[in-house]
Each structure stands twice: as structure tokens, then as C-alpha cells.
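Notes follow the structure.
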Amino acid sequence: MHYPIWKSKMNPSVHQADMQFYSTRNSPISMSIQGKNVLNVNFLNITIFNITFDNQVLFNIVCTDQSDYIIINNFHVKNCLFTNSTLFQFQNARRRIQIENLIIDSCEFYNSSIVRLNQVQNLLTNIIINSMSIKDSIFNNINLINSIEKTILTINNIQIMSNQLINSKFIIFNYKFYCNDIFMKDNQLISSQFISQISSLLLSSEIQMNNIKIRKNIIQHFSLFATEQKQSTSQVTYLLENLYFEDNTLSCYQEQFLITINCHSLVIQNIFLRNTTNYRFISLLAVPFIRIQNAIYENLHQAQKVQTSSNCFSHCFSHSQLLQVSGFSNISLNQITIKNQFSIDQSIISIQSNPLITLNSNDYIQITNVEFMGNMLLKQNLGIFFLQF
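Each residue of the sequence shown is one higher than the one before, starting from 17 at the first, in the working numbering.
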């Protein structure tokens with residue numbers, strides 16, 4: 017069935033408020049809200065529930081080249097099924113797009129997206145998402161927010177509770193990215209990335225992430241942040257502060273680091289990694305300037321004991337690691353606490369130069385106020401140290 021909701025051509029401004037869309041049928045319906053050559057868009061108090069979408073673009077907004085606004089406020093999606101579909105698609109949007117109070121509740125997304133940008137020109141878009149709640153939903157093979165164009169992406173106050181995220185990338189971006197106040201709890205995170213920075217030819221950009229709390233999730237091959245940027249010639253600066261990764265349950269073997277970064281300048285401060293074993297946390301690839309301070313990497317108790325035979329651990333190797341650095345110019349570590357960690361054939365901190373880059377230059381390492389307590393590192397195949405240079 018097809019329900020044409022709204023279609024606009026050459027309308028400078030569109031305002032829609034207090035609308036509800038729902039279906040009493042279990043079969044997919046066709047539903048579209050389209051705008052072509054619009055200047056201003058304002059959606060307020062929109063609710064969609066009990067609808068199945070298949071191969072749909074629900075809101076398809078094609079903009080003019082004039083700079084103005086798109087505002088979506090109080091948007092609620094409940095008990096819907098999305099297959100090969102997109103909730104919001106913005107095309108040629110050289111303007112501010114602002115989404116406030118977006119709620120996704122008890123939905124299923126398969127090979128779908130919530131927000132997607134398609135630009136045919138080199139246009140700068142500013143997307144701001146404030147207050148997003150996602151709960152009791154399933155996401156399989158999805159890109160929830162897909163912004164591969166030249167976009168300044170700002171995300172504030174996201175709560176992600178009791179979901180399944182499988183084979184997915186939650187946020188994809190390639191330019192400037194700012195996020196604050198993200199809370200993830202009681203989710204199943206399987207073979208997925210929460211934030212992915214794709215490779216970009218843009219010479220200068222910045223990434224700032226603040227107040228990230230990840231607690232009591234079940235994790236199998238999950239990363240919080242991963243970059244595909246493979247060279248430090250781009251002037252990308254990265255600031256990560258106030259990260260809490262606590263009481264998560266991991267599978268026996270983890271392929272991914274929690275955070276993988278390649279940039280020009282990096283500052284990490286105030287990170288708290290507690291009661292999560294068998295995880296490698298931070299990998300830095302060819303980052304010239306690194307500063308990490310006030311990091312606590314601890315377990316409440318040391319659950320392991322030295323066994324009489326290394327075969328006692330063969331059923332599940334523990335590869336706990338705080339930091340791995342491959343290629344740098346200047347690194348500073350200050351106020352680091354490492355307590356009750358257990359690892360086999362893995363150094364807690366590994367710092368290595370890149371001989372292809374630093375052959376004719378000096379590298380500088382400064383380590384101050386680092387404290388080790390109650391840790392256990394065992395050797396099966398390799399020589400192991402707390403610090404490896």
C-alpha cells in the first residue's frame with residue numbers, strides 16, 4: 017500500500033506539527049515525506065509507530081543551495097521495522113540541520129539508517145543532534161548516522177539502553193566531530209563500531225569526545241572509536257576526556273581495540289577503565305604528538321593466580337593491554353594507575369617507533385607518576401614487560 021504523506025516543490029518553507037502515523041497491518045507499507053528545492057523545514061511532534069518499512073526513504077529532503085535551517089523536534093519512532101530503509105535523507109544540504117529529542121523505542125533496523133547525507137557538491141553541512149534515546153531495539157548491518165560528506169557533526173546527550181548492535185557502525189563521519197554525554201548500558205555489542213572516522217583528503221579537522229560512559233554491556237568484537245585515516249599528514253587533532261568503561265562482560269577473544277586512532281595531535285585525559293578483563297584498549301598509529309594523563313586502569317580484585325602449568329590458561333588467553341603506540345615523535349604519560357591486571361604474552365604499555373618515519377629524527381618519551389599495583393603478567397611465548405619500548 018502507498019500513502020503519499022507530503023510532497024513539496026519550490027516551497028521556500030515547510031512547517032509540519034503534531035502528526036501521528038501508524039498501521040494496523042503487518043505487511044510493509046509505502047510511506048514518503050518528500051521535499052524538493054525547499055529552503056526551511058520545521059517538523060515538530062511527529063510520532064510513527066507499528067509500521068513496517070521495506071526499501072523506503074521516509075523523509076527525503078532535497079535542498080536549494082541557499083543556506084538556512086532544517087529543524088526536527090520531538091520525533092518518536094516506536095515498534096517499527098526498517099529493512100533496507102532510511103528514516104531521514106538530506107541531499108545538497110548546505111545549512112544547519114538540527115534534530116532535537118529523537119526517540120527510538122522497540123524497533124528493528126536491518127541494513128538501514130536513521131540519518132544519511134548525500135551531497136553532489138563540496139558543500140559544508142552542520143548537523144546538530146541533541147537528546148537522542150535508543151532503547152530495546154535491534155540493529156543489524158546498519159549505519160545509524162552516515163555522514164561521509166564534508167560535515168560538522170555535533171552529538172549531545174545520547175542514551176543507548178538494552179539494545180542489540182550487530183555487524184554495524186553507529187556513527188560514520190569524515191570531517192569535524194564533537195560529541196558530549198553518551199551513555200551506553202545493558203546492550204549487546206557484537207562485531208560493531210560505535211564511531212568510525214573514514215579516510216579524508218581534508219587537510220585540517222578536529223575530533224572532540226567528552227563524558228562517554230559505557231557500563232554493564234555484553235561485548236564481542238566491539239570498538240568505541242576507529243579511524244581509517246592511515247597518514248598523519250592531515251592536521252587532525254583529537255581530544256578525548258572523561259571516558260568511563262566499567263563492568264562490561266567480554267567474550268574470550270577480542271579482535272579489536274576499544275579505541276584505534278591515527279591523527280596529528282592527541283590528548284587523552286581523565287579515563288577510567290574498571291572491572292573489564294581481556295581487552296586491549298588504546299592503539300595509536302603514527303601519531304606524532306601524544307599526551308595521556310590521569311588514567312585509571314584497574315580491577316577491584318585480582319581474580320587470577322599463578323598456575324603450576326601454562327596449560328591452565330590455554331582455554332582462554334588473556335590479552336589485557338592499556339596502550340599500544342606504533343610511531344610517534346613526542347609522547348607524555350602522566351598520572352597513570354594500573355591495578356590488578358592480568359595478561360599473557362602482552363605488555364601493559366607498548367611504545368614503538370616507526371623506523372620509516374623517525375630514521376633521522378629523535379623521539380621523546382616522558383613518563384611521570386605511573387603506579388603499578390597487584391598486576392600479573394605471564395609468559396607463554398614471548399618475553400613480557402610492564403613497559404615495552
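For each residue, glycine too, the CB sits at the ideal point set by N, CA and C. Every value quoted in this text rests on a predicted model; they were computed, and no experiment measured them.
Local conformation of residue i per DSSP, three classes
i, result
"Lys192", "strand"
"Phe273", "coil"
"Asn203", "coil"
"His18", "Residue placement at His18 is flagged as unreliable, the pLDDT there being 48, under the threshold of 50; a coordinate-derived value is accordingly withheld."
"Asn258", "strand"
"Cys79", "strand"
"Asp263", "coil"
"Gln237", "The amino acid occupying residue 237 in the given sequence is His; Gln does not appear at that position. His237 falls in the strand class under three-state DSSP."
"Thr40", "coil"
"Lys151", "strand"
"Phe344", "coil"
"Ile214", "coil"
"Leu140", "coil"
"Ala311", "strand"
"Asn356", "coil"
"Ile64", "strand"
"Ala242", "strand"
"Ser334", "coil"
"Asp197", "strand"
"Gln368", "strand"
"Ser178", "coil"
"Asn71", "coil"
"Lys185", "strand"
"Leu300", "strand"
"Asp34", "strand"
"Ile164", "coil"
"Ser46", "strand"
"Ser363", "coil"
"Ser281", "strand"
"His208", "It should be noted that the sequence gives Ser, not His, for residue 208. Strand."
"Ile158", "coil"
6 Å CB neighbourhood of residue i in its chain, flanking five on each side removed
i, result
"Gln204", "Gln180 and Ile234"
"Ser129", "Thr102, Asn159 and Asn162"
"Asn134", "Gln107"
"Phe426", "Because the chain in this structure spans residues 17 to 405, residue 426 falls outside the shown range and cannot be described."
"Leu240", "Phe210, Leu274 and Ile275"
"Gln236", "Ile206 and Ser267"
"Leu282", "Tyr254, Val303 and Ile306"
"Val73", "Thr102 and Gln105"
"Arg290", "Glu262 and Glu314"
"Gln351", "Gln309, Asn310 and Asn385"
"Cys79", "Asn108 and Ala109"
"Asn346", "Phe305 and Tyr380"
"Glu257", "Asn226, Gln285 and Asn286"
Top-ranked residue by Cα proximity to residue i, from the options
i, options, result
"Pro304", "Gln251, Leu338 and Asn172", "Gln251"
"Asn356", "Thr68, Ile228, Gln272 and Gln337", "Gln337"
"Ser221", "Lys232, His280, Ser163 and Phe59", "His280"
"Arg231", "Gln368, Gln213, Ile164 and Lys201", "Lys201"
"Asn226", "Thr243, Leu255 and Phe238", "Leu255"
"Gly390", "Ile364, Ser377 and Ile67", "Ile364"
"Asn183", "Cys96, Glu257 and Phe238", "Phe238"
"Ile354", "Ser369, Phe388 and Ile119", "Phe388"
"Glu271", "Gln224, Asn294 and Val78", "Asn294"
"Arg111", "Asn117, Leu118, Ile86 and Ser122", "Ile86"
"Asn58", "Phe189, Met35, Leu140 and Tyr126", "Met35"
"Val386", "Gln224, Ile312 and Phe358", "Ile312"
"Val93", "Ile119, Ser48 and Ile284", "Ile119"
"Leu300", "Thr243, Asn146 and Met47", "Thr243"
"Asn142", "Ile284, Ile383, Ile214 and Phe189", "Phe189"
N-terminal and C-terminal residue of the beta strand (DSSP E) that residue i is part of
i, result
"Thr102", "Thr102 to Gln107"
"Gln382", "Tyr380 to Met389"
"Glu124", "Glu124 to Tyr126"
"Leu133", "Ser129 to Asn134"
"Asp121", "Arg112 to Asp121"
"Leu97", "Leu97 to Thr99"
"Thr293", "Segment: none, Thr293 is in no beta strand (DSSP E) and carries neither H nor E."
"Glu222", "Ser220 to Arg231"
"His92", "Tyr85 to Lys94"
"Leu316", "That residue, Leu316, is in no beta strand (DSSP E); it is neither H nor E in DSSP."
Close-in-space but distant-in-sequence residues of the same chain around residue i (CB under 8 Å, 5 per side omitted)
i, result
"Asp197", "Asn172, Asn173, Ile174, Asn226 and Asn227"
Rounded Cβ spacing between residue i and residue j (contact assumed at less than 8 Å)
i, j, result
"Leu169", "Phe193", "5 Å"
"Phe98", "Glu124", "7 Å"
"Lys185", "Ser212", "5 Å"
"Leu259", "Ile308", "That belief does not hold up - the Cβ atoms of Leu259 and Ile308 are roughly 11 Å apart, past 8 Å."
"Phe69", "Cys96", "7 Å"
"Ser377", "Gly343", "So it is not a contact: roughly 11 Å between Cβ atoms."
"Ser39", "Asn66", "6 Å"
"Glu116", "Ser153", "That belief does not hold up - the Cβ atoms of Glu116 and Ser153 are roughly 20 Å apart, past 8 Å."
"Ile77", "Gln114", "Their Cβ separation, rounded to whole angstroms, is 13 Å, which puts Ile77 and Gln114 out of contact at 8 Å."
Closer than 8 Å to chain B by CB, residue i
i, result
"Phe358", "Looking at the structure shown, chain B is missing, and only one protein chain is on hand."
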